[in-house]
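**Q** Take a look at the following structure, please.
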Ligand code: SF4
Ligand code: SF4
Ligand code: SF4
Ligand code: SF4
């Protein structure tokens, strides 16, 4: 276990950015999001959750695959996309880091998404435990430990006040730790005690939160019943069919592939899509899910039932962004509660 | 690589050949352009005319698309208010595009880049003058990438 | 219980029971202090769950468009800003006002949960009560009281219409606001910026957009059956991350509500990345007011919308007037 003193943080970031692209939670116009860091930026590692999830780092909102153009009557193709630069993300929360391991199940199964794979292998994730979990957090319901970052984590970190504790969890993490040798300090008994105390306090705080043990099994074990349930109609009535919930969600991963065509050149790109949209998976006859109720059901059945059946995990990490951002206060917790018979 | 090529073309000012898209009402300005042509009045070849049934047929989408795909200036030319072939079309054009022009300026687009002109079928002269003036002012502004779609490659 | 809530439940029960309406659009309370959410009810037993508090921010009038297709008569609770949107929907011919019974709710302002959170007041918070400008935070540890509007949504601080402009039953006394608000300071500020600075400002703002379309879907007046941005055939649905596409979306969105926007501020409220959309909308409103007379959108449903009409002698910025032609 290592540690970095808070007064050394700036120096730490400086050093990291000499070797890597560095993503930090930056505050701009009151919103905090992971963005590439430059000296002088307003870093905010105390805000519990970034407004948008950090999935855009490994799965950008739009990504061009292919460029083509005609040159002397011949069509030329150029493959683009992916990411060659190595990068580091500092301060991701355990739930968001875990979401990376969930997205892996989608993009890294055969046929592997090469661009995604590139972004994943080139990144080092430093995940910071949540000293102050909030009412909207329900990670514990999905088995994610806010006091102990593991999933999707290369280096686990804890803010113990004076300093940030630092524990490499993977090969990549160890390498980075090596590079930062002259900034990272050794820890003593004193810090280990502080860590234990912090973890204890996090667990206590988590236990106080309203949604720590949602009953998911009742839903995942009863696919047919759930699918046919009457509650979807009622729940979806207020849903606007905007895509905020899917776009801020760290695990939502649907995308569309579109072409941009000019006179003699063009591009093929993928962009985020949302099952809440009326033109989602549109085919010749239109959207197979004709009503908002069906679309709404799809989103939650996918997260709580289908994804679990296919991949062995739920496609939700309990970060609570949809809870905060849905314009009409509809969210997965309400759905779970309603399906579980309140 | 392709993009860089275009950038280069744009950066050298003497090479700047502006492209101006003119939406012309079939009943007046388009005929005005014709008249300018038959009267052998000079108007620049940089003007690309698109014929529309009435100036109020032009949606702001068209204007923005034109800018995206290579236009350096866009002009809508319609009948003088009061002379609309459909009686009232251009009164609506006037309100809509007064607001739209203000909005464009508000988001940082130069006034010179988007214009409305009232040109009747008899005003071949005015047509030529307006177009020449427009070209002049665009030339003065010089090349700009505002509103342009970086992915769109113009054929030389 | 809050007086207005009691009144709300009574009137809902009464109108459902006597058949004046078939369904009611209102709000219910979820588990958490900030969670008041829109509901459609037709069961008199549910009327006791209706609620009025400082989090009933959702405008229910847009739901009328779909619900009126399924129901004959609808009762709806509307705040001041909601009622403006209601009237505009009537002007736009999107709803039949004859079939709607309005319960008016004078509104002291809605509370922004994010502001509460950023002030650190959310810890152990159970309930928030508001009477006028007095806000009471009831927490596990005790009760805290605040006077003032520091937790109001930004949009509420700019409210020009706290009292419903139309209603059949008014549920409480009118709210009076004495503070003379400046309506367009933000717009004037941008207008004063140099052109290039303006361009950079907006390009930066637009580039944050993730095209979630919440601004459009929450807007009571964005009510097209198929939005131009969803219409692949129209060729404008591209979600590519290009500056020009962002500009396209934002300019056209603002322009499509020109003359109809009631400045309810919902679009800016829901934007997850914080783009100040109201500054675009208000620019248009300001211009309309200046050029075509005060179109206090919506208060008078007999007036035609400014872009649906014209005057022969409208201001003509395009007439050089030297070259002649009829005026
Ligand atoms: S649940 Fe909420 S955020 Fe999601 S689509 Fe519906 S209204 Fe939008
Ligand atoms: S959901 Fe859990 S892991 Fe995520 S921010 Fe909240 S406490 Fe931390
Ligand atoms: S554009 Fe925004 S402010 Fe205007 S009516 Fe729509 S949601 Fe309200
Ligand atoms: S709500 Fe904000 S992010 Fe979403 S589409 Fe509108 S402007 Fe863009």
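Protein chains in written order, with my numbering: chain A, 2 to 343; chain B, -5 to 150; chain C, 8 to 334.
We treat Cβ as the ideally placed atom computed from N, Cα and C, and that holds for glycine.
Look up residue 32 of chain C in the DSSP assignment and give the residues it is bridged to.
**A** C:47, C:83
**Q** Determine, using beta-carbon pairs with one atom in the region 306 to 321 of chain A and one in the region 263 to 283 of chain A, whether at least three such pairs fall under 8 Å.
**A** no
**Q** What separation, rounded to the nearest whole angstrom, lies between the Cα atoms of residue 83 of chain C and residue 131 of chain C?
**A** 33 Å
**Q** Could you tell me whether any Cβ in chain A is nearer than 8 Å to the Cβ of residue 141 of chain B?
**A** no
**Q** Looking only at its own chain, which residues have a Cβ that is under 7 Å from the Cβ of residue 30 of chain C, when we skip the five neighbours before and after it?
**A** 47, 48, 49, 74, 78, 81
**Q** What residue does the beta strand (DSSP E) around residue 129 of chain A start on, and which one ends it?
**A** 124 to 129
**Q** Helix or strand or just coil, what does DSSP make of residue 19 of chain C?
**A** helix
**Q** Tell me which same chain residues have a C-beta within less than 8 Å of the C-beta of residue 0 of chain B, skipping the five on either side of it?
**A** Low confidence applies here, because residue 0 of chain B scores a pLDDT of 47, under 50, leaving its location unreliable and the question unanswered by this model.
**Q** Are there any heavy atoms of ligand 4 lying less than 7 Å away from the beta-carbon of residue 226 of chain C, as far as the coordinates show?
**A** Distances between the C-beta of residue 226 of chain C and the heavy atoms of ligand 4 are all 7 Å or more.
**Q** Is residue 288 of chain C near ligand 3 - that is, is its Cβ less than 7 Å away from at least one heavy atom of it?
**A** yes
**Q** Spatial neighbours of residue 315 of chain C within its chain, please: CB distance less than 8 Å, with the 5 preceding and 5 following residues excluded, ordered by chain position.
**A** 266.
**Q** Is there at least one non-hydrogen atom of ligand 1 closer than 7 Å to the beta-carbon of residue 316 of chain A?
**A** no
**Q** Any heavy atom of ligand 3 closer than 7 Å to the CB of residue 221 of chain C?
**A** It does not: the Cβ of residue 221 of chain C is nowhere closer than 7 Å to a heavy atom of ligand 3.
**Q** What distance in whole Å lies between the Cβ atoms of residue 144 of chain A and residue 360 of chain A, which are believed to be in contact at a cut-off of 8 Å?
**A** There is no way to answer for residue 360 of chain A, as the model of chain A reaches only from 2 to 343.
**Q** Considering only residues of the same chain and omitting the five flanking positions on each side of residue 120 of chain C, which have a CB-CB separation below 6 Å?
**A** 41
**Q** Scan the region 239 to 298 of chain A and note each continuous beta strand (DSSP E) run of 3 residues or more that stays entirely inside, going in chain order.
**A** 256 to 262, 266 to 273
**Q** Please decide whether residue 269 of chain C counts as near chain B, where near means a Cβ-Cβ distance under 8 Å.
**A** no
**Q** Just the C-alpha distance for residue 64 of chain A and residue 22 of chain B, rounded to the nearest angstrom, thanks.
**A** 46 Å
**Q** Which one or two residues does DSSP pair with residue 5 of chain A in a beta bridge?
**A** A:165
**Q** Would you check if the distance between the CB atom of residue 69 of chain A and the CB atom of residue 127 of chain A is smaller than 8 Å?
**A** no
**Q** Is residue 270 of chain C near ligand 3, with its Cβ less than 7 Å from a heavy atom?
**A** yes
**Q** What residue from C:177, C:70, C:173 has the CA that sits closest to residue 15 of chain C's CA?
**A** C:177
**Q** Closest to residue 102 of chain C by C-alpha separation, out of C:248, C:324, C:228, would be which residue?
**A** C:228
**Q** Is residue 28 of chain C near ligand 1, in the sense that its beta carbon is under 7 Å from a heavy atom of that ligand?
**A** no
**Q** Any heavy atom of ligand 5 closer than 7 Å to the beta-carbon of residue 245 of chain A?
**A** No copy of ligand 5 occurs in the structure displayed; its ligands are ligand 1, ligand 2, ligand 3 and ligand 4 alone.
**Q** Between residue 287 of chain A and residue 250 of chain A, what straight-line distance do the alpha-carbon atoms span, to the nearest angstrom?
**A** 26 Å
**Q** Three-state secondary structure (DSSP) at residue 234 of chain C?
**A** coil
**Q** From residue 296 of chain C to residue 310 of chain C, what does the alpha carbon distance come to, in whole angstroms?
**A** 14 Å
**Q** Mind checking who residue 158 of chain C pairs with in its DSSP beta bridge?
**A** Answer by DSSP bridge pairing: none, since residue 158 of chain C is not bridged.
**Q** What is the DSSP secondary structure of residue 33 of chain B, reduced to helix, strand or coil?
**A** In this structure, residue 33 of chain B counts as coil in the three-state DSSP scheme.
**Q** Starting from residue 30 of chain A, find everything on chain C with Cβ-Cβ shorter than 8 Å and list it in chain order.
**A** 281
**Q** Would residue 261 of chain C pass as a contact of residue 291 of chain C if the rule is Cβ separation under 8 Å?
**A** yes
**Q** What residues from chain A crowd round residue 221 of chain C, counting only those whose CB sits closer than 7 Å?
**A** 243, 245, 328
**Q** Ligand 4 and residue 339 of chain C: does the residue's C-beta get closer than 7 Å to at least one heavy atom of that ligand?
**A** Since the displayed chain C opens at 8 and closes at 334, residue 339 of chain C lies outside it and no answer follows.
**Q** What I want to know is whether the C-beta of residue 97 of chain B ends up closer than 7 Å to one or more non-hydrogen atoms of ligand 4.
**A** no
**Q** Thinking just about the alpha-carbon of each residue, which of A:265, A:234, A:11, A:81 is nearest to the one in residue 75 of chain A?
**A** Ranked by how close their Cα comes to the Cα of residue 75 of chain A, the residues A:265, A:234, A:11, A:81 have A:265 in first place.
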